[in-house]
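What follows is one structure encoded as structure tokens, with my remarks underneath.
Residue numbers (my numbering): 34 to 177.
The structure is reproduced here in structure tokens:
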């Protein structure tokens, strides 16, 4: 699952930032989109994820798919990840509404897990329909 920051970048790259701000797109957001399109060029599966998100930027599933592709590509190419981070920071600096969108996405869910010999500790902030914590399970487990 993509992190909230990558989801925000995916939404901006798909053009949802225009929808969010209701104003002309700022240079930083345009740079995000250009960087993503340039990096995906010649990679049919990645281009398909991007074009699907552009076709319907309101479709959360398409944005999530694009975010997963972005996450994978950023792991493969740290230089691209650095360039994208630079463009994101510029976009946040230029556009207060985009900055708010990024902060909102980041505050939606935060989870920290610590595992030690004597237990597991999970700190979870955000909203979720269900949250489950288990440690040692011996035998079957059914969760409905």
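Each residue gets a CB set at the ideal place from its N, CA and C atoms; glycine is no exception. All figures in this text were calculated on a predicted structure; none of them were measured in a lab.
What is the rounded straight-line gap between the Cα of residue i and the Cα of residue j?
{"i": "residue 109", "j": "residue 81", "result": "19 Å"}
{"i": "residue 121", "j": "residue 99", "result": "16 Å"}
{"i": "residue 74", "j": "residue 84", "result": "11 Å"}
{"i": "residue 177", "j": "residue 114", "result": "38 Å"}
{"i": "residue 150", "j": "residue 173", "result": "22 Å"}
{"i": "residue 79", "j": "residue 95", "result": "12 Å"}
{"i": "residue 87", "j": "residue 111", "result": "24 Å"}
{"i": "residue 139", "j": "residue 133", "result": "10 Å"}
{"i": "residue 119", "j": "residue 135", "result": "14 Å"}
{"i": "residue 101", "j": "residue 72", "result": "15 Å"}
{"i": "residue 137", "j": "residue 116", "result": "22 Å"}
{"i": "residue 92", "j": "residue 163", "result": "23 Å"}
{"i": "residue 76", "j": "residue 175", "result": "40 Å"}
{"i": "residue 107", "j": "residue 97", "result": "15 Å"}
{"i": "residue 126", "j": "residue 152", "result": "42 Å"}
Tell me which same chain residues have a C-beta within less than 6 Å of the C-beta of residue i, skipping the five on either side of it?
{"i": "residue 46", "result": "65, 66, 69"}
Just to confirm my understanding: we take residue i, look at its own chain, exclude 5 residues before and 5 after, and list those with CB closer than 7 Å. What are they?
{"i": "residue 62", "result": "45, 50, 124, 128, 131"}
Where does residue i land, buried or exposed, given buried means 16+ other C-beta within 10 angstroms?
{"i": "residue 170", "result": "exposed"}
{"i": "residue 168", "result": "exposed"}
{"i": "residue 90", "result": "buried"}
{"i": "residue 105", "result": "exposed"}
{"i": "residue 39", "result": "buried"}
{"i": "residue 55", "result": "Since pLDDT at residue 55 reaches only 47, below the 50 mark, its modelled position is unreliable, and no value is offered."}
With a cut-off of 8 Å on the beta carbons, I'd call residue i and residue j a contact; round off their distance for me.
{"i": "residue 42", "j": "residue 103", "result": "6 Å"}
Alpha helix (DSSP H) containing residue i: first to last residue?
{"i": "residue 106", "result": "93-109"}
{"i": "residue 77", "result": "77-88"}
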